[in-house]
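Visitor: Residue numbers (our numbering): 155 to 608.
Virtual Cβ for every residue (Gly too), placed ideally from N, Cα, C.
Fair warning: this is a prediction, and the values are worked out from it, not measured in the lab.
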Amino acid sequence: MKTIITAWDIEDARSNGKNEIIVEDAIITEMAKDLAEKLGMKIITRGSGEKPNERYSGSEINIREHADFSHKTLRITEEDAEKWKEEFPILKDIIHVGNCSQGPQAKRVRKAIERYLDNWLTVGMDWDYWVQESIKAKEEFAKLINADPSEIAISTSVSEATASVASSLNPHLNKKKIVTTEADFPTIGHIWLAYQKYGYKVDFVPVKNGEIDLNDYEKYIDEDTILTSVTHVYYQNGFRQDIEKIADIAHRRGSMIYVDAYQSLGTVKIDVKKMNIDMLSSGNLKYLLGIPGIAFLYVSKDIIPYLKPAVTGWFGQENPFSFQIRYLDYAGDARRFDTGTPPVLTSFAARAGMEIINEVGTENIQERIEALSAHTINAALSRGLEVVSPRDPKRKGATTSIKVDDPHKVEELLKENRIIASARGDVIRIAPHFFTEKKDLETVMDVLKRIIHK
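1) Would you say isoleucine 613 and leucine 381 are within 7 Å of each other, going by their C-beta atoms?
2) Could you tell me which of Asp280, Lys355, Asp402 and Ile175 sits nearest to asparagine 369, measuring between CA atoms?
3) Select from Gly343, Glu336 and Tyr349 the residue whose C-alpha is nearest the C-alpha of lysine 362.
4) Assuming alanine 291 contacts isoleucine 308 under a Cβ cut-off of 8 Å, what Cβ separation, rounded to an integer in Å, is found between them?
5) On a CA-only basis, which of Ala585, Tyr354 and Asn300 is nearest tyrosine 441? Give me that one, please.
6) Buried or exposed: tyrosine 349, going by 16 or more other Cβ atoms within 10 Å of its Cβ?
7) By a C-beta neighbour count over all protein chains shown, 10 Å radius and 16 as the cutoff for buried, is glutamate 540 buried or exposed?
8) Of all the options Leu526, Ser418 and Gln471, which has the alpha carbon lying nearest to the alpha carbon of aspartate 487?
9) Enumerated in chain order, which unbroken segments of the beta strand (DSSP E) with a length of 3 residues or greater are wholly contained in the stretch 515-561?
10) How far does the beta strand (DSSP E) with lysine 355 in it reach, from first residue to last?
11) Using CA atoms only, rank isn't needed, just tell me which of Arg406, Val387 and Glu398 is closest to lysine 373.
12) Could you pull out every residue in the same chain whose Cβ sits closer than 7 Å to the Cβ of lysine 593, ignoring the five residues on either side in sequence?
13) Give a yes or no on whether the C-beta atoms belonging to glutamine 259 and leucine 439 are separated by under 7 Å.
14) Identify the continuous beta strand (DSSP E) that holds methionine 433 and give its terminal residues.
15) What's the call for valine 277, buried or exposed, on a 16-neighbour Cβ count within 10 Å?
16) Answer with buried or exposed for asparagine 328, where buried requires no fewer than 16 other C-beta atoms within 10 angstroms of its C-beta.
17) Does the Cβ-Cβ distance between phenylalanine 469 and aspartate 492 come in under 7 Å?
18) State the start and end residues of the unbroken beta strand (DSSP E) segment that holds phenylalanine 450.
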């Protein structure tokens, strides 16, 4: 297999003080070429039989070898998944299907964190560099959802991002209704309920048999609705909603739509423009392969001028460094939803994780996840296990939930068998990612059957 040179390799070389790199028999991605040109770096290629020039001998950087799936027509095979496992050291000994809770640590994410720590250790204070990394992380998030970087704000959690959205609603408008769902993560409902003290009415679209009927949105969203707040994928069983159709219903009634994409982004292709999404948020610790302590908020440029968040801070101002305490001067773009000093360490990790997802391609990942979902469901049913997720892979995210007694005990027993899964409510959640192989899922189901029937 040929070596793949990515943009990450170019940046890695530059951070190590190199102005050129030598590669042998390699495929160089377009992103790598563009970045090298931007940074004024040279990429020197030579055949596998040639000897390196003396002046470069022993100085080549360590280029990672892995499959490149950036072209949208390529598919992720079992062989590709096996190769990608090399990027995640824990997968050598552990089957990780708990990605709905926390993704595994990638080598390049660890290296990104070390890059920050090394810089802090040796430079001491490098705020321009650190803040620039948070800006680059915003840009990487924008790529994931087909947004402009100016439409992205940075936060420490989806809870904080949602609170900022809530505080931006105009309480003096006649529209005083917020519609959310029973499938949303509790933090979302808690925030909307807290805003009842400002005169808002909160309605919950019900979950029926683990799903939400699209027709119910027609009943709950009316002319009084200022915001429709929905999850893309139900955290309990993986049920996936048709956001584009929900957005159409909301917009016909004059409501904005806010989407929590925490359980979908990284495994489902999201295009905020095509789907007509007004606002969307996601953290990074699950399928985006990051760590806790960071989240991103998309706000459409069409509505930014009308939203003035009370949850704000100095980085939410047009010029954070004007230090004018007597004036509130919101940034003209989504930065107005930024608050205090950006989460720089987590920005390093988040950017690295999202680069992997963008490199593989969410369209390719979604295709693979749907195939893995079908395999998981069939493997579970064939062993007599009770699946409580939608049976159609195209109507669900990565999570397949299996009903068990004492899910937390089952989670611990799986861990003893070197399997990471996630308990939630009365189910154990099996959530693979693009690097999961079908044989991994067979092993998980064999062990799960043994535990349940013990």
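Guide: For this structure:
1) Residue 613 lies beyond the range of the chain shown here (155 to 608); nothing can be said about it.
2) Answer by Cα proximity: Asp402.
3) Closest in C-alpha terms to lysine 362, from the list Gly343, Glu336 and Tyr349, comes Glu336.
4) The C-beta separation of alanine 291 from isoleucine 308 comes to about 7 Å, placing the pair in contact by the 8 Å criterion.
5) Looking from the CA of tyrosine 441, the closest CA among Ala585, Tyr354 and Asn300 belongs to Ala585.
6) That one is buried.
7) Exposed, because fewer than 16 other Cβ atoms sit within 10 Å of the Cβ of glutamate 540.
8) For the residues Leu526, Ser418 and Gln471, the minimum Cα distance to aspartate 487 belongs to Gln471.
9) Entirely contained in the stretch 515-561, the beta strand (DSSP E) runs reaching 3 residues are, in chain order, 554-557.
10) For lysine 355, the enclosing beta strand (DSSP E) starts and ends at 355-359.
11) Minimum Cα distance to lysine 373 is reached at Arg406.
12) Excluding sequence neighbours, lysine 593 sits near nothing in its chain.
13) No, the Cβ-Cβ distance between glutamine 259 and leucine 439 is not below 7 Å.
14) First-last of the beta strand (DSSP E) with methionine 433: 433-437.
15) By the 10 Å Cβ count, valine 277 comes out exposed.
16) Around the beta carbon of asparagine 328, a 10 Å sphere encloses fewer than 16 other beta carbons of the protein chains shown; the residue is thus reported as exposed.
17) Yes, these two residues count as a Cβ contact at 7 Å.
18) For phenylalanine 450, the enclosing beta strand (DSSP E) starts and ends at 449-453.
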